[in-house]
Amino acid sequence: MAQSKTRLGLSIAALLMLSACGGGGDGASSESADNTVTILGVIVGEQQEKLEAALRPFEEETGIEVIYEGTDSFATLLPVRVESGDAPDIAMFPQPGLMASFAEAGQMVPITEFMDEATLAEAYPETWLFLATFDESLYGIWYRASVKSLVWYNPKAFEAQGFTVPTTWDEMLALSDQIVAAGANPWCLGLESGEATGWPGTDWVEDIMLRTAGPEMYDQWINHEIPFNDDAVQVAFEQFGDIVLNESYVVGGSVGAISTPFGDAPQGLFGDTPTCYLHRQANFIASFFPEDVNLEEDVDIFLLPGIDPAYGTPVLVAGDVFGMFNNTPEAQALMAYLATPTPHEIWAGLGGFLSPHKQVSLDAYPDALSKKQAEFLGNAETIRFDGSDMMPGAVGTGTFWAGVVEYVAGEPVEDVLDTIEASWPE
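Read left to right, the sequence shown gives residues -22 to -1, 1 to 404 (mature numbering (1 follows the signal peptide of the UniProt record, and there is no 0)).
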């Protein structure tokens, strides 16, 4: 940490000197009179407190005040602010697709106008830099990451039943059959999430698409270079159906999957008599576990196994990326700070956080489970962002979510995919 703080001081000092001398690109403004920088983001509550703790060293070292505003209406509030000329200096986007729309409209500042590309390449894997690049310009600094391709299980319950962790998709299905033969349901699965009901199922489909069609076709799919009703997408839906439509596999069957809130679903893993033994969900699901669950002893994880050996074991991710609207010295300095390990290591130490930053040590994570998730993220050969977050809103957070529910409820897959395809904006 001491070494990264030294790098922090040097990099920010150099950037402030450059900015004072007129460096930087063509942004909305070139100087700030009140020595502040504003951020708009989706993080609120306890998570906001952790973010603010991570930003505090920047404020102490530079004398710049960071004013953070958290909102649960980010996707609707930010466009209004931008169009009215009241854009925040920096926005913390929960998906790169929305940032891309502002970048394409010429409303954002490419960070390579004031940051060295080699420094950024040392800080982030190429995949993450690519996710924040639009029209060959880099616009974002990644901060918080989610690993979605996780399967959670109770190691004590596994040991008691003689179950072993699968390493292939076929082994996972064989384990599911073994659990059924033992008189139990293998899978906890919940799709209910209020207005967002269905999203956990889209994650399943995306993970399977990466494992059956590969990353190149996955990219074509989310960019609509192949239609949503392509045969490859149908294969992914049907392999998800092999699990969710098997009434012996899922607690409560398909009706239970649709009606169970996603945060309640993993509770069946725990207790003296588990009602299920496997749960596929992102790392953040741990915050929904019962309070008496010991994360060091009562739960463990493995990556959702590969299907086609040609594509290995891809990792589906989500995350938060900082992008800059106003080109001030203060905003440039904060973006430079966010590209150092310091703010990442601070929040990592506070728990409930994963970073895609290459220079963040595993020692920064406070428990074995977080370290394991960070290793999965750091060692992944193939990473792709949550597909529904990359698609147009009418599809990704509209007909795709709804289509998953309709499919699980019994709608023919061909009809579901045709409806989603027809909803794609012209």
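Backbone N, C-alpha and C define an ideal beta-carbon position, used for all residues, glycine too.
For residue i, count the other beta carbons within 10 Å of its own beta carbon; 16 or more makes it buried, fewer makes it exposed. Which is it?
i	result
residue 410	Residue 410 lies beyond the residue range present for the chain, which begins at -22 and ends at 404; the question has no answer from this structure.
lysine 336	exposed
alanine 138	exposed
glutamate 392	exposed
serine 333	buried
arginine 34	exposed
phenylalanine 92	buried
threonine 142	exposed
threonine 146	exposed
valine 228	buried
aspartate 185	buried
alanine 317	buried
alanine 342	buried
aspartate 367	buried
residue 405	The requested residue 405 is not part of the displayed model; the chain covers only -22 to 404.
lysine 99	Checking the sequence shown, residue 99 turns out to be alanine, not lysine. That one is exposed.
proline 178	buried
glutamate 323	buried
glutamate 203	exposed
serine 265	exposed
alanine 214	buried
glutamate 149	exposed
proline 307	buried
Where does residue i sit, in a helix, a strand or coil, going by DSSP?
i	result
methionine 70	strand
glycine 179	helix
serine 339	coil
phenylalanine 280	strand
threonine 142	coil
leucine 116	strand
alanine 296	strand
tryptophan 199	helix
phenylalanine 363	strand
tryptophan 402	coil
isoleucine 17	strand
leucine 128	strand
tyrosine 121	strand
tyrosine 46	strand
methionine 187	helix
valine 87	coil
Have a look at residue i and residue j and give me their C-alpha separation to the nearest angstrom.
i	j	result
glycine 161	aspartate 286	30 Å
aspartate 396	glutamine 310	46 Å
serine 339	leucine 188	28 Å
valine 383	glutamate 24	32 Å
proline 144	proline 283	7 Å
tyrosine 255	phenylalanine 112	42 Å
glycine 330	threonine 251	28 Å
proline 66	leucine 109	22 Å
residue 435	glutamate 353	With the chain covering -22 to 404 only, the question about residue 435 has no answer from this structure.
alanine 296	phenylalanine 363	6 Å
asparagine 163	glycine 356	33 Å
phenylalanine 52	alanine 159	47 Å
glycine 192	phenylalanine 280	20 Å
alanine 346	glutamate 274	7 Å
proline 370	tryptophan 402	7 Å
aspartate 298	methionine 195	24 Å
alanine -21	tryptophan 325	Annotation note: pLDDT 38 at alanine -21 (below 50); position unreliable, coordinate value reported separately. When rounded, the distance between both Cα atoms is 16 Å.
alanine 152	asparagine 224	14 Å
glutamine 198	glycine 365	11 Å
isoleucine 89	alanine 101	14 Å
glycine 140	tyrosine 131	13 Å
phenylalanine 71	threonine 49	12 Å
threonine 97	valine 183	36 Å
glycine 246	valine 271	12 Å
glutamate 216	threonine 190	11 Å
glutamate 47	arginine 59	13 Å
Give the single residue among the options whose Cα lies nearest to the Cα of residue i.
i	options	result
phenylalanine 136	Leu167, Asp208, Asp276, Ser51	Asp276
glutamate 114	Tyr131, Glu95, Tyr121	Glu95
glutamate 269	Ala288, Ile279, Gly249, Leu29	Gly249
glutamine 212	Glu399, Pro403, Glu274, Gly19	Glu399
methionine 302	Trp106, Leu116, Ala31	Leu116
proline 321	Ser226, Met195, Trp120	Trp120
threonine 54	Tyr196, Leu18, Ala288, Glu30	Leu18
glutamate 61	Ser79, Gly75, Phe71	Ser79
glutamate 27	Glu173, Gly118, Trp106, Leu328	Leu328
glutamine 73	Gly219, Tyr385, Pro390, Phe300	Phe300
aspartate 181	Leu294, Val233, Ser348, Glu38	Leu294
alanine 174	Gly388, Pro390, Val373, Val394	Val373
phenylalanine 36	Phe218, Val222, Met313	Met313
glycine 219	Ala387, Ile21, Glu38, Ala31	Ala387
Query - Cβ pair count under 8 Å reaching 3, the region 11 to 19 against the region 34 to 44 - result: Segment contact: the region 11 to 19 against the region 34 to 44, three or more CB-CB distances shorter than 8 Å; contact assigned.
Query raised in the report: Can you find at least 3 beta carbon pairs, one from the region 166 to 175 and one from the region 233 to 247, that sit closer than 8 Å?
Result: At 8 Å Cβ cutoff, the stretches touch.
**Report entry** Meets three-Cβ-pair contact criterion under 8 Å: the region 261 to 275 and the region 75 to 87
**Finding:** Touching, no.
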